[in-house]
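Protein chains in written order, with the UniProt record's numbering: chain S, 1 to 260; chain F, 1 to 283. One structure is given below, encoded as structure tokens.
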Amino acid sequence: MADLPIRPTDRRRRRLLASLGALGAGTLLSGCDWTKSQGVQDFLGRTEDLTQAAMRLVSSREALAREYPTSAIADTFRPNGSIQPQTDAYQALVDNDFADYKLAIHGEVANPQALSLAQLKAAPARTQITRHDCVEGWSCIGQWTGARLSDLLDRAQPTENAKYVVFHCADHLLGAPEPYYESLDMIEAYHPQTILAYGLNGADLPVANGAPIRLRAERQLGYKMAKYVMDIELVNSFADIQGGKGGFWEDRGYNWWAGI
Amino acid sequence: MSDTPSQSKPSSQVVKRHGLTTRLWHWINAVCLLVLLMSGLQIFNAHPSLYWGNGSDFDNPIMTIGAQLGDDGDPMGYMAIAGWQIPTTGVLGYSGPEGAKQARAFPAWATLPDSQWLSLGRQWHFTAAWVFGLLLVGYLVYSIISRHRRRLIGVHRGEMSQFGHAVAEHAKLRFSRVRDYNIIQKLTYLLVLAVLLPLMVLTGLTMAPGIDAAWPWLTYVFGGRQSARTIHFISAFSLIGFFVVHVLLVLVSGLFNNMRAMTTGGYRVDTPSTSTDKERDHG
Chain S
1 MADLPIRPTD
11 RRRRRLLASL
21 GALGAGTLLS
31 GCDWTKSQGV
41 QDFLGRTEDL
51 TQAAMRLVSS
61 REALAREYPT
71 SAIADTFRPN
81 GSIQPQTDAY
91 QALVDNDFAD
101 YKLAIHGEVA
111 NPQALSLAQL
121 KAAPARTQIT
131 RHDCVEGWSC
141 IGQWTGARLS
151 DLLDRAQPTE
161 NAKYVVFHCA
171 DHLLGAPEPY
181 YESLDMIEAY
191 HPQTILAYGL
201 NGADLPVANG
211 APIRLRAERQ
221 LGYKMAKYVM
231 DIELVNSFAD
241 IQGGKGGFWE
251 DRGYNWWAGI
Chain F
1 MSDTPSQSKP
11 SSQVVKRHGL
21 TTRLWHWINA
31 VCLLVLLMSG
41 LQIFNAHPSL
51 YWGNGSDFDN
61 PIMTIGAQLG
71 DDGDPMGYMA
81 IAGWQIPTTG
91 VLGYSGPEGA
101 KQARAFPAWA
111 TLPDSQWLSL
121 GRQWHFTAAW
131 VFGLLLVGYL
141 VYSIISRHRR
151 RLIGVHRGEM
161 SQFGHAVAEH
171 AKLRFSRVRD
181 YNIIQKLTYL
191 LVLAVLLPLM
201 VLTGLTMAPG
211 IDAAWPWLTY
221 VFGGRQSART
231 IHFISAFSLI
241 GFFVVHVLLV
251 LVSGLFNNMR
261 AMTTGGYRVD
271 TPSTSTDKER
281 DHG
């Protein structure tokens, strides 16, 4: 995952940059504060809706992300973001090989669920070799096996009000007080390649990659694919959850629509 | 038409070189490309390595920009490409004012925003990309249907034979003021308009996982997402190369005349001694 955005406070540096303005319009552009002002951020952020609408327009609901042959699988699937959640509760789950793990599916559902890892592994599954695209720019190919989220959601029976599926996680990335979380809308949640993966490259999902389960949403960037998923909540709006933008990185300025 | 005797002195007249569409597109596009370049460098800085194929072979990048401790114990910036490591301290890898140098691939003066801020760099990039992409599609359509544009920039039958002569004239910095572009200009603008700029859009789209699901053929055409990212980078720097040559030639071949052609549209051309030579129509 990306580093935290760093906001500049160094006025000396800014003055120096401004004095280099003669070098060209490029320096002028970057030396000025307005390129980072809240108004500019809000204005630029509006294109996200346009991007999402355009992608939905050219793509069918079920259009599949490309799947690759086994020869394309990377030797090591690069672990990123949290690689070892620090809470006692999570460590207790690891110590017991996740025998005590229960995935809750609750919120705007008629039939809340509490599923053990064994129950998840017994659910309708899908195995796919896909490319993981990090927002930073790199890609890594791995083979994922997991329970199809659509089947699990059908069991829980989302209500009419359910618009988003929120994934609450065990890790506190970058020492944040609140745990990692992410959200998908119902279209991405019901996509055939959207799975809760418990297997990577034919073995159990390692802790570094999100054990016991991580989300795979193959038409989105890596930060959408929450690791260490503990709890799935269906909501009508995520405005009241943490920073209100629908995810850990979204609360820190990244787009909710992570298809680009 | 009066039948005056021919004058010996060469004369000139101002013709309309560029229509309003071309002039508007040119300047809006210039701003878009600057924003796209600088925000693109900001995005590149988040992972300053390039690869070939679908996935990233982290141990074997084609090119990487980084910082490490030098022999003297001080941090140094470098660019590694094809087994060569070039020291680039102060510009690439490690840069900034004295006492506040940072490890960052491209320096602050080249990125938008100046500080390391990937999410905002992406917002700038995608907003400018929308304007750039839509205007490019519109302008390409216009260039095809406009007779004026076709005449100015289109390569006509037999014209390729003038290539050698045009190269020689350019090498001597001798530029004749004529109505239509010469063959070098035509080929260059066609390369930029029909190849480089569309390539930027298509390789950019290939990097979006949502677009790859809609149009998987993109990942095959460019040899994978990481190849597309590398081509995106190379094309961007090809455009910088074009920009440098473009500005130099504008300067040496008549700055005022060229700027007027791209602002009010008027361009002074040398005409033969009499006015009886009607404008040729290339058809």
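By construction, the Cβ of each residue, glycine as well, lies at the ideal position given by its N, Cα and C atoms. Remember, it's a predicted structure, so these values are computed and weren't measured experimentally.
Legend entry - CB contact below 8 Å: residue 90 of chain F versus chain S: no
Inset, instruction - Compute the distance between the beta-carbons of residue 183 of chain F and residue 166 of chain F, then report whether it is under 8 Å. - result: yes
Legend entry - Range of the contiguous beta strand (DSSP E) that encloses residue 292 of chain F: Limits of chain F in this structure are 1 at one end and 283 at the other, which puts residue 292 of chain F out of reach.
Legend entry - Limits of the unbroken beta strand (DSSP E) element including residue 266 of chain F: 266-271
Legend entry - Proximity test, Cβ basis, 8 Å: residue 56 of chain F and chain S: yes
Inset, instruction - Would you check if the distance between the CB atom of residue 268 of chain F and the CB atom of residue 149 of chain F is smaller than 8 Å? - result: no
Inset, instruction - May I have the straight-line CA-CA distance separating residue 28 of chain F from residue 72 of chain S, to the nearest angstrom? - result: 42 Å
Inset, instruction - Could you please give the first and the last residue of the uninterrupted beta strand (DSSP E) stretch that includes residue 106 of chain S? - result: 102-107
Legend entry - C-beta atoms of residue 180 of chain S and residue 173 of chain S nearer than 8 Å: yes
Inset, instruction - Could you have a look at residue 296 of chain F and say whether DSSP puts it in helix, strand or coil? - result: Shown here, chain F extends from 1 to 283; a query on residue 296 of chain F therefore has no answer.
Inset, instruction - Between the Cα of residue 213 of chain S and those of S:245, S:163, S:238 and S:147, spot the shortest distance and give me the residue it belongs to. - result: S:147
Legend entry - 8 Å Cβ shell around residue 240 of chain F - same chain, five flanking residues per side excluded: 37
Inset, instruction - Note down, in chain order, each residue of its chain lying with its Cβ closer than 7 Å to the Cβ of residue 23 of chain S, except the 5 sequence neighbours on either side. - result: Any reading at residue 23 of chain S is ruled out, since the residue's pLDDT is 41, under 50, leaving its predicted position unreliable.
Inset, instruction - Please classify residue 138 of chain S: is it buried, with 16 or more other beta-carbons within 10 angstroms of its beta-carbon, or exposed? - result: buried
Legend entry - Proximity test, Cβ basis, 8 Å: residue 52 of chain F and chain S: no
Inset, instruction - For chain S, find out if any of its Cβ atoms is closer than 8 Å to the Cβ of residue 154 of chain F; answer yes or no. - result: no
Inset, instruction - Measuring only between beta-carbons, confirm whether residue 84 of chain F sits less than 8 Å from chain S. - result: no
Inset, instruction - Label residue 37 of chain S either buried or exposed according to how many other C-beta atoms from any shown protein chain fall within 10 Å of its C-beta, with 16 as the threshold for buried. - result: exposed
Legend entry - Through-space distance from residue 98 of chain S to residue 259 of chain S, alpha-carbon basis: 32 Å
Legend entry - Three-way DSSP call (helix, strand, coil) for residue 160 of chain F in this model: helix
Inset, instruction - With a 10 Å radius around its C-beta and 16 neighbouring C-beta atoms as the bar for buried, classify residue 227 of chain S as buried or exposed. - result: buried
Inset, instruction - Take residue 149 of chain S and list the residues in its own chain whose beta-carbon comes closer than 7 Å to its own, dropping the five residues that flank it on each side. - result: 189, 194, 195 and 196
Legend entry - residue 228 of chain F vs residue 65 of chain S beta-carbon contact at 8 Å: no
Legend entry - Distance, residue 162 of chain S Cα to residue 125 of chain S Cα: 24 Å
Legend entry - Selection of the stretch 9-40 of chain F by Cβ proximity to chain S, strictly under 7 Å: 34 and 38
Legend entry - Nearest-angstrom Cα separation, counted from residue 141 of chain S out to residue 184 of chain S: 22 Å
Legend entry - Amino acids of chain F, ordered along the chain, whose beta-carbon sits closer than 7 Å to that of residue 64 of chain S: 213
Inset, instruction - Return no unless some Cβ of chain F is closer than 8 Å to the Cβ of residue 143 of chain S. - result: no
Legend entry - 8 Å CB neighbourhood of residue 11 of chain S in its chain, flanking five on each side removed: Unreliable placement is indicated for residue 11 of chain S, whose pLDDT of 49 sits below 50; the coordinate value is still reported in the next sentence. For residue 11 of chain S, where only same-chain residues beyond five positions count, there are no Cβ hits under 8 Å.
Legend entry - Span of the alpha helix (DSSP H) around residue 38 of chain F: 20-45
Inset, instruction - Following the continuous alpha helix (DSSP H) through residue 242 of chain F, name the residue where it begins and the one where it ends. - result: 225-252
Legend entry - Collapsed DSSP secondary structure at residue 157 of chain S in the structure displayed: coil
Inset, instruction - With DSSP as the reference, label residue 24 of chain S as helix, strand or coil. - result: Note that residue 24 of chain S scores a pLDDT of 45, beneath 50, so its modelled location is shaky; the value from the coordinates is reported in the next line. Coil, per DSSP.
Inset, instruction - Assess, as a yes-or-no matter, whether the stretch 180-196 of chain F is touched by the stretch 54-70 of chain F under the definition of 3 or more beta carbon pairs within less than 8 Å. - result: no
Legend entry - residue 155 of chain F burial status per 10 Å Cβ neighbour count (16 or more: buried): exposed
Legend entry - Interface partners of residue 133 of chain S on chain F, CB under 9 Å: 207, 208, 209, 212 and 225
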